[in-house]
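Q: Converting from the sequence shown to the working numbering requires adding 916 to each position, the first position being numbered 1.
The C-beta atom is built at its ideal place from N, Cα and C for all residues, glycine as well.
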Amino acid sequence: LQLLHAGRYAYHPLSVAPSKLKAPINPFTPRALSAGGVERHIADYARSAKLAREAGYDGVEVMGSEGYLINEFIAPRTNKRIDRWGGDASQRMRFAVEIVRRIREACGPDFIIIYRLSLVDLVEDGSNWEEIVQQAKAIEAAGATIINSGIGWHEARIPTIATSVPRAAFAGVTAKLKPHVKVPLVATNRINMPEVAERILADGGADMVSLARPLLADPQWPNKARAGRAEAINTCIACNQACLDHVFENKLASCLVNPRAAHETELVYHPTQAPKKVAVVGAGPAGLACATVAAERGHQVTLFDAGDEIGGQFNVAKRIPGKEEFHETLRYFRHKLAETGVQLRLGTRADTATLAGFDEVVLATGITPRKVDFPGADHAKVVSYLDVLLGRVTVGANAAIIGAGGIGFDVGEFLSHAGESPSLDPQRWMAEWGVDSSFEARGALARPEVEASPRRLWLLQRSPGKPGARLGKTTGWIHRATLKAKGVRMLGGVEYLGVDDEGLRIRVEGSEQLLPVDHVVICAGQEPNRALQAELQAAGINAQLIGGADVAAELDAKRAIDQGSRVAAAL
917 LQLLHAGRYA YHPLSVAPSK LKAPINPFTP RALSAGGVER HIADYARSAK LAREAGYDGV
977 EVMGSEGYLI NEFIAPRTNK RIDRWGGDAS QRMRFAVEIV RRIREACGPD FIIIYRLSLV
1037 DLVEDGSNWE EIVQQAKAIE AAGATIINSG IGWHEARIPT IATSVPRAAF AGVTAKLKPH
1097 VKVPLVATNR INMPEVAERI LADGGADMVS LARPLLADPQ WPNKARAGRA EAINTCIACN
1157 QACLDHVFEN KLASCLVNPR AAHETELVYH PTQAPKKVAV VGAGPAGLAC ATVAAERGHQ
1217 VTLFDAGDEI GGQFNVAKRI PGKEEFHETL RYFRHKLAET GVQLRLGTRA DTATLAGFDE
1277 VVLATGITPR KVDFPGADHA KVVSYLDVLL GRVTVGANAA IIGAGGIGFD VGEFLSHAGE
1337 SPSLDPQRWM AEWGVDSSFE ARGALARPEV EASPRRLWLL QRSPGKPGAR LGKTTGWIHR
1397 ATLKAKGVRM LGGVEYLGVD DEGLRIRVEG SEQLLPVDHV VICAGQEPNR ALQAELQAAG
1457 INAQLIGGAD VAAELDAKRA IDQGSRVAAA L
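What follows is the structure, given as structure tokens:
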């Protein structure tokens, strides 16, 4: 059981903290705890642990990181007290040490106490390495059984768990602490496959690893790993779209690649009592989910796709720097197709004759990019995002991107990077984001060393306001920060006047401008590809639409996989 007090991160006006300092991500200013209040909170932690033991728990984890209450006492950034609970490092850590000591007293010697210690704060005026080691030794002496690794505060402007963060990027800081304590250490953050975990353990950098989101993606992860079946794991891609984003939207947390997560009793894949011949047209995310779930239930499924590989829009997404994890989802679906016996017919453009003999037809035929309507829209400079991302067009040194939704930002990432993705090189990634890879500096911060974009780019949107405002809450800021660091100029409220040999002509706030670009990349939305549905209806064949063929407002893999799975569960 984890014991967590949010401190100044608590989203209500009665929040408390060591000092009266508002968090930049919270509108409420906390009240500074009195000395008596500090003592009462320590007693509350001890009582909570004792209640957990009485309820049958083997132990508790004390959340001492991520910028929550305990961490706020430890860091000079948030602790400005002048009593015994503030001052130098030994005074600031007193609150944490007393909590662990009182829990040990209350629960006895055999009760497990895991302490999650912030090894890198990633904020200004965080702890330095000397203070972190001092704290770890004190926590161990106070009675902790295990120390877990906390990475970054929630208000940090450096990502720690998003898709673009390299796998096990912060495992090195756990290894750095290992010589200083005798209790077992846990490595954490972006450990999503068994080979990553095994490498950390084999190198001696940690005694255990921690998984959270990977168990939403595949609750059988540990069993598959133990059985040596890593290829069967539905890998967490660290997108945050259905887990953390849902939490911040007051929705039930789930998982983009596993829509059954937290819906296990409602979305059930019962074996069918009446097997049918099912045709699924389109091997993108929606079609793959539908075909594999239907086959898992016992239906005879044939999956058609006109292309030469499965994946649909995932084959586009996997090319974006920082989205390499989409390769894993495609690997999982390839395994699942074979495991469930789906008959895969690639390079086949299904038509009425092909589909006439099936009991059920599901169309996951995807989208077509929306065309724009302004003077010069047919100019040679104007290209589709698909042409760019699939390598059909080599974009020049100056380019404008029309459309600042998820696709527009992806194209911006693609065009502003050169060479290997930083997500595949932890040292390069840390340098770009300003992380001190030695972890010695206060907050583990360093001056960012951003590699220059190989192109001059403009990212434009027709609607007024900040480009990217509708991106996911937990990842949108990362995309905006990345493009800003690369020097991409982002403009909202743009009127497109036309394209000619000189470039793209626009009007912004009443002022006309000429952007001297070599290419204009259109990312202005999509339209459902439903041509086959009309043909089938004319032939008297009913078909269900799923994925982008149903709703193409924005490419949404979360909705596509969920919808495909639910349609298959109802067949």
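(1) Does Glu1418 pass the burial test, meaning 16 or more other C-beta atoms within 10 Å, or should it be called exposed?
(2) For Arg1017, count neighbouring C-beta atoms within 10 Å of its own C-beta (all shown protein chains included) and say buried if the count is 16 or more, exposed if not.
(3) Within 10 angstroms of the Cβ of Glu1329, are there 16 or more other Cβ atoms? Answer buried if so, exposed if not.
(4) Under the assumption that Ser1170 contacts Cys1159 (Cβ atoms under 8 Å), give the Cβ distance between them as a whole number of angstroms.
(5) Quick check on Ala933: buried or exposed, where buried means 16 or more other Cβ atoms within 10 Å of its Cβ?
(6) Indicate whether the contact test is met: 3 or more Cβ pairs, each with one atom in the stretch 1418-1436 and one in the stretch 1359-1367, closer than 8 Å.
(7) Any heavy atom of the ligand GTP closer than 6 Å to the CB of Ala1455?
(8) Using three-state DSSP, classify Met1124 as helix, strand or coil.
(9) Between which two residues does the beta strand (DSSP E) carrying Arg1405 extend?
(10) Can you look up Asp1326 in the DSSP assignment and give me helix, strand or coil?
(11) Between which residues of its own chain and Lys996 is the CB-CB distance below 6 Å, once the five residues before and five after are set aside?
(12) Under three-state DSSP, which class holds Ile1283?
(13) Between Leu1117 and Ala1052, which are expected to be in contact by the criterion C-beta below 8 Å, what is the C-beta distance as a whole number of angstroms?
(14) Taking the alpha-carbon positions, what's the Thr1218 to Ala1195 distance?
(15) Can you tell which of Glu1021, Glu1428 and Val1467 has the C-alpha that lies nearest to the C-alpha of Ala1057?
(16) Find the nearest neighbour of Ala1562 within the set Ala1368, Leu985, Asp1434 and Val1298, judged by alpha-carbon distance.
(17) As an exercise, report each continuous alpha helix (DSSP H) stretch of at least 4 residues that is fully enclosed by the stretch 1134-1217, in chain order.
(18) Could you tell me which residues DSSP pairs with Ile1067 in its beta bridges?
(19) Closest to Ser1126 by C-alpha separation, out of Ala1143, Lys1098 and Phe1086, would be which residue?
(20) So Ile1283 and Ala1401 are supposed to be a Cβ contact under 8 Å. How far apart are they, rounded?
(21) Give the DSSP-derived three-state secondary structure of Ile1019 in the structure shown.
(22) For His1395 and Ile1323, what's the separation of their Cα atoms in angstroms?
(23) Kindly indicate the opening and closing residues of the beta strand (DSSP E) around Ser1489.
(24) Suppose you measure from the CA of Asn1150 to the CA of Trp1137; what does that come to, to the nearest Å?
A: By the coordinates alone:
(1) Looking at its Cβ environment, which holds fewer than 16 other Cβ atoms inside 10 Å, Glu1418 is exposed.
(2) By the neighbour-count rule (16 or more Cβ atoms within 10 Å), Arg1017 is buried.
(3) Around the beta carbon of Glu1329, 16 or more other beta carbons lie within 10 angstroms, which makes this residue buried.
(4) About 7 Å separates the beta carbons of Ser1170 and Cys1159, which is inside the 8 Å limit, making them a contact pair.
(5) Its Cβ being crowded by 16 or more others within 10 Å, Ala933 is buried.
(6) In short, these stretches do not touch, since the Cβ pair count stays below three.
(7) By its list of ligands, the structure shown contains no ligand whatsoever, and the ligand GTP lies outside what it can speak to.
(8) The three-state reading of DSSP puts Met1124 in strand, counting E and B together.
(9) Its beta strand (DSSP E) spans residues Arg1405 to Leu1407.
(10) The answer is helix: DSSP assigns Asp1326 an H, G or I state.
(11) Closer than 6 Å at the Cβ level, and outside the excluded window around Lys996, lie Ser935.
(12) Here Ile1283 sits in strand by DSSP.
(13) Contact flag wrong, Cβ pair sits at about 20 Å.
(14) Each residue's Cα considered, the two are about 5 Å apart.
(15) The shortest C-alpha to C-alpha distance from Ala1057 to any of Glu1021, Glu1428 and Val1467 is the one to Glu1021.
(16) Limits of the chain in this structure are 917 at one end and 1487 at the other, which puts residue 1562 out of reach.
(17) Here the runs fully enclosed are 1137-1142, 1160-1164 and 1201-1212.
(18) Beta-bridge pairing links Ile1067 to Val1036.
(19) Answer by Cα proximity: Phe1086.
(20) Actually they are not in contact, since the Cβ atoms of Ile1283 and Ala1401 sit about 31 Å apart, beyond 8 Å.
(21) Annotated three-state conformation of Ile1019 is helix, per DSSP.
(22) So the two alpha carbons sit approximately 11 Å from each other.
(23) The structure shown does not extend to residue 1489, since the chain is modelled only from 917 through 1487, so no value can be given for it.
(24) Rounded to whole angstroms, the gap between the alpha carbons of Asn1150 and Trp1137 is 8 Å.
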